[in-house]
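Beneath this line is the structure, given in structure tokens, with notes to follow.
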Amino acid sequence: MTYPRFGLFNTEERIIHSEGVGQDFRIGVWFPFSYGGSDQRYPVLYVLDGEFAFGLATGMIPILIGTQEVPELIVVGIAYHGITAWREHAILRDQDYCVPGFQQPNTESRIVPFTHFIQQELFPLIESEYRGSSEDRTLFGFSSGGFFTFHTMLTQPGMFRRHIAASCTWPGADTQLLDCEQQYAALPSQPQSDLYLAVGELDEEQLPGFRTVTETLRKRNYPCLRFVTEILAGEGHNAGALAKTFLYGMRAVFKAQN
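Numbering (the numbering used here), first residue to last: 10 to 267.
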């Protein structure tokens, strides 16, 4: 006997084909409980690695809303449609989340068209059909997804208002981010942004880059950037770092508002 699938509460699924990326994306949308009885616009949390992080986010967000640590918001998970193995996911995420040089053999970076997909296809969908706010977007990412999150803050100022990134300063990635930070610093002004940046204390490969990047941000003292950095005790490059970054990061980037 086959039983019905147990799905996530208050969610819808959309499949989007992006010509620019050459990829089918599976988009999960979670609604706050007031959504059906309201005509207001909601802040939107965009979650990379939706295959595993969308469930994490939609499981914790109702509690964070209930304890008034974050406002009511919409959650959007970005996943790949049609994949059948985690190996496929690993290859695709490195193509879409990372700059050239961090991909699997015989693959190329798609970070530019993936960014355009979010800007030109996903934002319009969420903001026209689901009453998502264009003024209050948050992006969450871990590992390669964390790199994309931090990289986007530095190279696409204003695309997101809030940024939560973890485990993204491995050797080579740190220098890429520092190069982007120099370009960010050279801008005439930077938009108001919130950043939570974390790494596990046992993730030894990432710690030197993490310390260099965070010290650089502190020295800049950007007037419009409110940021919190944290080395997560007892965690490595693991599920604990992922979950703690999400929880602590959501609290941190919404703290001033609540």
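In this text, a Cβ means the ideal position worked out from N, Cα and C, and glycines have one as well.
query: The alpha helix (DSSP H) with H98 in it runs from where to where?
result: For the purposes of this step, residue 98 is taken as residue 89 along the sequence shown, with counting starting at 1. Counting along the chain, the alpha helix (DSSP H) containing H98 begins and ends at 95–106.
query: What are the boundary residues of the beta strand (DSSP E) that includes S202?
result: Locating residue 202 in the sequence shown gives position 193, where the first residue counts as 1. From DSSP, the beta strand (DSSP E) with S202 extends over 202–209.
message: Quick check on this structure: which residue in A261, E28, R23 has the alpha carbon closest to the alpha carbon of F123?
response: By 1-based counting over the sequence shown, the position of residue 123 is 114. Among A261, E28, R23, the Cα nearest to that of F123 belongs to E28.
query: Taking the runs of the beta strand (DSSP E) that are 3 residues or longer, which of them lie wholly in the region 171–257?
result: 171–175, 202–209, 234–241
message: Suppose you measure from the CA of Q112 to the CA of S118; what does that come to, to the nearest Å?
response: By 1-based counting over the sequence shown, the position of residue 112 is 103. By 1-based counting over the sequence shown, the position of residue 118 is 109. Cα to Cα, Q112 sits roughly 7 Å from S118.
query: Alpha carbon to alpha carbon, what distance is there between V79 and T20?
result: Here residue 20 refers to the residue found at position 11 when the sequence shown is read from its first residue. Here residue 79 refers to the residue found at position 70 when the sequence shown is read from its first residue. Using only the alpha carbons, I get a separation of about 19 Å.
message: Report the CB separation of L101 from G64 in whole angstroms; it is logged as a contact under 8 Å.
response: Start at 1 with the first residue of the sequence shown, and residue 101 comes out as number 92. Start at 1 with the first residue of the sequence shown, and residue 64 comes out as number 55. With a Cβ gap of about 19 Å, L101 and G64 do not count as contacting.
field: Contacts around N267, its chain only, beta-carbon distance under 8 Å, and the 5 residues preceding and following it disregarded
entry: Walking along the sequence shown from the start, residue 267 turns up at place 258. Low confidence applies to N267: its pLDDT is 46, below 50, so where it sits in the model is not reliable, and the reading given next is rough at best. Only Q77, E78, V79, P80 meet the Cβ criterion.
Proximity to Y231 [Cα-Cα], best of L196, E213, E210, E214: If you number the sequence shown from 1, residue 231 lands on position 222. Measuring from the Cα of Y231, the nearest candidate turns out to be L196.
query: What are the boundary residues of the alpha helix (DSSP H) that includes E138?
result: For the purposes of this step, residue 138 is taken as the residue at position 129 of the sequence shown. 132–138 is the span of the alpha helix (DSSP H), which, as asked, contains E138.
- prompt: Anyone know if the C-beta pair for T223 and L211 falls short of 8 Å?
  reply: For the purposes of this step, residue 223 is identified with residue 214 of the sequence shown, where counting begins at 1. For the purposes of this step, residue 211 is identified with residue 202 of the sequence shown, where counting begins at 1. No; because the gap between Cβ atoms is not below 8 Å, this pair is not in contact.
message: Using a 10 Å radius around the Cβ and a threshold of 16 neighbouring Cβ atoms, would you call I24 buried or exposed?
response: Translated into the one-based positions of the sequence shown, residue 24 becomes position 15. By the 10 Å Cβ count, I24 comes out exposed.
field: Reference P217; option with closest CA among L73, E60, C107, P180
entry: Within the sequence shown, residue 217 is the residue found at index 208, counting from 1. Nearest option by C-alpha distance: P180.
Segment contact, 8 Å Cβ cut-off, at least three pairs: the region 88–97 with the region 186–196: no
- prompt: How would you write the range of the beta strand (DSSP E) that P52 sits in, first residue to last?
  reply: On the sequence shown, position 43 is the one that residue 52 refers to. The continuous beta strand (DSSP E) containing P52 extends over residues 51–56.
query: Taking the continuous beta strand (DSSP E) assigned at S153, which residues delimit it?
result: Taking the first residue of the sequence shown as position 1, residue 153 is located at position 144. Run containing S153: none in the beta strand (DSSP E); it sits in the alpha helix (DSSP H), 153–164.
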